[in-house]
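First comes the structure, then the notes that go with it.
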Ligand SMILES: Cc1cc2nc3c(=O)[nH]c(=O)nc-3n(C[C@H](O)[C@H](O)[C@H](O)COP(=O)(O)O)c2cc1C
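Residue numbers (the UniProt record's numbering): 1 to 416.
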């Protein structure tokens, strides 16, 4: 696994070679759409299912020249949105029990398979579930721009997507379990992905029934998730490895328990990535609220979080490992340098750096880092504090300055 980290690092040396020009006109389509003749249901027709809109709905629009770009509930590296969501639903009145594809563009579900004595539970080796939410990656959407480094962004985007699903479920007080160890290989085949798309993770909601189901009785129709496709052997190798990897079990994390339904909904609807900070400070109380339980939980999940304090009042300036100050001083310049010279680094109140030990489960650590970053993003939004994920950073400079051999996974700038 470690080779996937090494082969995708950005170092001072190799950054000079990365001068590729991006022609945005060639960006592949970022929405998968099943043909018109598939049966569709608008989520507004089902009170019990409206929360699904919070997984990926459009929350803003931007115009660049003649192009209109839509922004969603989830952030995404480069705004490329590689995640698709499939949902198996049982026992909702006036809705066929089936496997659906979620379409964020029109807040609807497309029925792609009607269930009888078969079900996705078979691939999870579990009994009947009310909902199975599955996240896939359409890798070319991201490799189109980021080439091999796309593997990192796919994992981080998946973590954010999990965060968005969990926050919507939390808001509705629906208990759930994470699942990463299902039969991904067989499911990828059953969904007709043809190696262009692959499953990463799932969230299960129980229905208290112990019925067992057969494997899907037919292979689902193959529908292309982009308008064109360029194969990438490195990404294919990555997806094959993912199919066979055993992840650690993750228990529900209870990270939004102190926010009520209205507050979570407001954060979901208003979350954005900040483009520039005004360099105003935040208080220590705000810092504590933003990072509540994050250091503790991440440690228990094998993630080591460092942060650089640039502008939190009543907290000593410097570099911290978890909550311990390891280097005193003003490190604003360093924050920017580490963040691939992006000003977000130094103008933030603090910049988090998610890392994990070399021997740990690298891919899962990326997903968890994206997930935790998403929770922080929602918490920050509730205080009208800005936030942005930073996927472009110097791996070697981060390691050197943090005096760690850990893999560097993700940076997150937070401030106002
Ligand atoms: C994994 C990941 C990496 C990102 N890296 C950067 C980055 O290096 N610099 C930056 O300015 N924004 C970065 N972003 C923010 C995206 O550009 C942003 O999410 C996207 O444009 C959509 O905008 P929104 O988050 O406001 O909805 C990143 C986001 C994610 C999820």
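Heads up, the beta-carbon is just placed ideally off N, CA and C, and yes, glycines get one too.
All figures in this text were calculated on a predicted structure; none of them were measured in a lab.
Taking each of 4, 32, 388 and 12 in turn and checking the Cα distance to residue 227, the smallest one comes out for 32.
Taking 7 Å as the cut-off, one finds no heavy atom of ligand 1 near enough to the beta carbon of residue 175. Residue environment for residue 415: buried (at least 16 other C-beta atoms within 10 angstroms of its C-beta). Bridge pairing for residue 396: absent [DSSP]. Taking the C-beta atoms as reference points, residue 206 is found no nearer than 8 Å to residue 321. Using a 10 angstroms sphere on the CB of residue 341, the tally of other CB atoms stays under 16, which defines it as exposed. For residue 192, the shortest C-beta to heavy atom distance toward ligand 1 is 7 Å or greater. Judged by beta-carbon spacing, residue 294 lies within the 8 Å limit of residue 372, meaning their Cβ atoms are closer than that value. Taken through DSSP and simplified to helix, strand or coil, residue 371 comes out as helix. Taking C-beta separations shorter than 8 Å and ignoring five residues to either side along the sequence, the partners of residue 10 in its chain run 18, 149, 340, 392, 393, 394 and 395, following chain order.
Boundaries around residue 141 are those of the alpha helix (DSSP H), 139-146, since no beta strand (DSSP E) includes it.
Ranked by how close their Cα comes to the Cα of residue 100, the residues 220, 280 and 75 have 220 in first place.
Pairing residue 167 with residue 333, the inter-Cα distance amounts to about 35 Å.
Two segments are said to touch when three or more pairs of C-beta atoms, one from each, lie closer than 8 Å; by this definition the region 200-218 touches the region 129-148. In the three-state DSSP reduction, residue 355 falls in the strand class (E or B). Separation of residue 169 and residue 4 (C-alpha to C-alpha, rounded to the nearest whole angstrom) is 33 Å. Between residue 362 and residue 369, the C-beta gap is not smaller than 8 Å, which leaves the two residues out of contact.
For residue 395, the Cβ stays outside the 7 Å cut-off from all heavy atoms of ligand 1. Judged by DSSP in its simplified three-state form, residue 23 adopts coil rather than helix or strand. Beyond the five residues adjoining it in sequence on each side, residue 253 comes within less than 7 Å, by CB distance, of 297 in the same chain, given in chain order.
With a cutoff of 8 Å on beta-carbon distance, residue 6 and residue 358 are scored as not near each other. Residue 107 and residue 34 have their C-alpha atoms spaced approximately 14 Å apart. Contact between the region 341-350 and the region 297-306 is not established, with fewer than three Cβ pairs separated by less than 8 Å. Distances from the CB of residue 150 to the heavy atoms of ligand 1 are all 7 Å or more.
Comparing C-alpha distances from residue 241 to each of 210, 314, 324 and 181 shows the shortest one belongs to 181. In the displayed model, residue 206 falls within a strand according to three-state DSSP. Nearest neighbour of residue 276 by Cα position, chosen from 199, 57, 27 and 336, turns out to be 336. About 7 Å separates the CB atoms of residue 197 and residue 137; that is less than 8 Å, so the two are in contact. Of the candidates 67, 102, 22 and 72, 102 places its Cα closest to the Cα of residue 50. Between ligand 1 and the CB of residue 76, the shortest heavy atom gap is smaller than 7 Å. By the CB criterion at 8 Å, residue 352 and residue 305 fall inside the cutoff. The beta carbons of residue 92 and residue 46 sit closer together than 8 Å. Contact between residue 89 and residue 134 is ruled out by a C-beta separation of about 12 Å, above the 8 Å threshold. Burial check for residue 143: the Cβ neighbour count within 10 Å reaches 16 or more, so the residue is buried.
Residue 202 has its CB no nearer than 7 Å to any heavy atom of ligand 1.
Judged by DSSP in its simplified three-state form, residue 219 adopts coil rather than helix or strand.
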